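Asks:
In my numbering, the protein residues as written are 331 to 635.
1. Use the C-beta contact count for residue 519: other C-beta atoms within 10 angstroms, 16 or more gives buried, fewer gives exposed.
2. At what residue ranges does the region 534–561 contain a whole run of the alpha helix (DSSP H), taking only runs of 4 or more?
3. Consult DSSP for residue 391 and reduce its assignment to one of helix, strand or coil.
4. Check whether the region 441–458 touches the region 505–519, taking contact to mean three or more Cβ pairs, one atom from each stretch, closer than 8 Å.
5. Just to confirm, are residue 474 and residue 577 a CB contact at a threshold of 8 Å?
6. With DSSP run on the structure shown, which of helix, strand or coil describes residue 495?
7. Return the Cβ separation of residue 484 and residue 494 in integer angstroms, given the expectation that the two are a contact with Cβ distance under 8 Å.
8. In the DSSP assignment, find the unbroken alpha helix (DSSP H) run with residue 413 in it and report its ends.
9. Return the residue from the list 402, 557, 448 and 380 that minimises the CA-CA distance to residue 643.
10. Could you give the distance in angstroms between the alpha-carbon of residue 575 and the alpha-carbon of residue 464?
11. Taking the alpha-carbon positions, what's the residue 613 to residue 403 distance?
12. Starting from residue 407, follow the alpha helix (DSSP H) in both directions and report where the run begins and ends.
13. Check whether the region 438–448 touches the region 517–537, taking contact to mean three or more Cβ pairs, one atom from each stretch, closer than 8 Å.
14. Excluding the five sequence neighbours on either side, which residues of its own chain have a C-beta within less than 7 Å of the C-beta of residue 564, listed in chain order?
15. Is residue 490 helix, strand or coil when you go by DSSP?
16. List in chain order: all unbroken alpha helix (DSSP H) runs of 4+ residues lying wholly within the region 564–602.
17. So if DSSP puts residue 399 in a beta bridge, which residue, or which two residues, is it bridged to?
18. In angstroms, rounded to a whole number, what distance separates the CA positions of residue 438 and residue 393?
19. Between which residues of its own chain and residue 623 is the CB-CB distance below 7 Å, once the five residues before and five after are set aside?
20. Determine the burial state of residue 586: buried for a count of at least 16 other Cβ atoms within 10 Å of its Cβ, exposed for fewer.
21. Please go through the same chain and pick out, in chain order, the residues whose beta-carbon is closer than 6 Å to the beta-carbon of residue 530, but skip the five residues on each side of it.
22. Quick check for students: name the residue ranges of the alpha helix (DSSP H) that lie wholly in the region 452–522, counting only runs of 4 or more.
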């Protein structure tokens, strides 16, 4: 009689205790370590200057004894007299130029999106990318050489006799629009491309005109994106310094020019902390505008996804 064969038994896996499982996972690299370099650069480039600005804005220095203390004197000073006028001037200039840039950029972007010529679309978008970053002293020089008191177009069209002056609010707004309109084209083009053609076809099939389609369908959907473009243009104009400093100087009161004068001691010696307070005022204005924009941006994401 042959001996019965034994079945091969599968090896029984040893139970893994919670302690061993924890020791195994402990050697895995946490995913959040990948963002540590970004967080470090952000903290160094933005966090440290922001803390220094906050500390300096609330630091009051006694001009007699030199003693320092924390108070609201700098903020109070930054909201009076010429400083308040400069803040209002910057807000007015930024709002006007941003509003014109949004409307003009929307019309230009719509013409580009609906164009049948792909080469034209690419050319306009490429040019917009270049012109959106063209600012500062070169832009001021270009406008002075073209529309200044002795500029080419000023002499050819006799603009001086017609009351034209580049070195004022209107001229500075025109210079800002040179880079704000291309920036708006780049910003709103993806949103325009996200509009579904079925929406317009359905509106037209139901008897709506193109004007009614834009009023009741397209513009409500694009409203958050338009507001986002307005915020971006407002911030770009609000923070611009070199173009205004080189072109109009102190003839147009702007908060950025006042900050530069205070830091350089051109207005009054020892006003460095007032300049930091004015910088804090700018941050608060930008934060107020962003607080209006962010909720609407979440709303538009559902339609343009």
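Each residue gets a CB set at the ideal place from its N, CA and C atoms; glycine is no exception. Treat the numbers as computed from the prediction; the structure is a model and nothing was measured.
Replies: To lay it out plainly:
1. Taking all protein chains shown into account, residue 519 has 16 or more neighbouring C-beta atoms within 10 Å of its C-beta and is therefore buried.
2. Correct list: 540–543.
3. Under the three-state reduction of DSSP, residue 391 is assigned to strand.
4. With a cut-off of 8 Å, the region 505–519 and the region 441–458 count as touching, because enough Cβ pairs lie within range.
5. Yes. Within cutoff.
6. It is coil, neither helix nor strand.
7. Right, the Cβ-Cβ distance comes to about 7 Å (below 8 Å), so this counts as a contact.
8. The continuous alpha helix (DSSP H) containing residue 413 extends over residues 411–443.
9. The question about residue 643 has no answer here: the residues shown for the chain are numbered 331 through 635.
10. Answer to the nearest angstrom: the Cα atoms are 15 Å apart.
11. Linking residue 613 to residue 403 through their CA atoms gives a straight-line distance of about 18 Å.
12. DSSP places residue 407 inside the alpha helix (DSSP H), whose first and last residues are 403–408.
13. The region 438–448, when compared against the region 517–537, does touch it at the 8 Å Cβ threshold.
14. Same-chain partners within the cutoff: 424, 425, 428 and 619.
15. Three-state DSSP puts residue 490 in coil, outside helix and strand.
16. Runs of the alpha helix (DSSP H) spanning 4 or more residues and lying entirely within the region 564–602 occur at 572–577 and 585–594, in chain order.
17. Answer by DSSP bridge pairing, in chain order: 390.
18. Using only the alpha carbons, I get a separation of about 55 Å.
19. Apart from sequence neighbours up to five positions away, the residues of its chain that approach residue 623 with a beta-carbon distance below 7 Å are 557, 558 and 561, ordered along the chain.
20. Classification of residue 586: buried, given that the 10 Å Cβ count is 16 or more.
21. Within the same chain, Cβ atoms closer than 6 Å to the Cβ of residue 530 are found at 543, the five residues on either side in sequence being excluded.
22. Here the runs fully enclosed are 467–477 and 482–486.
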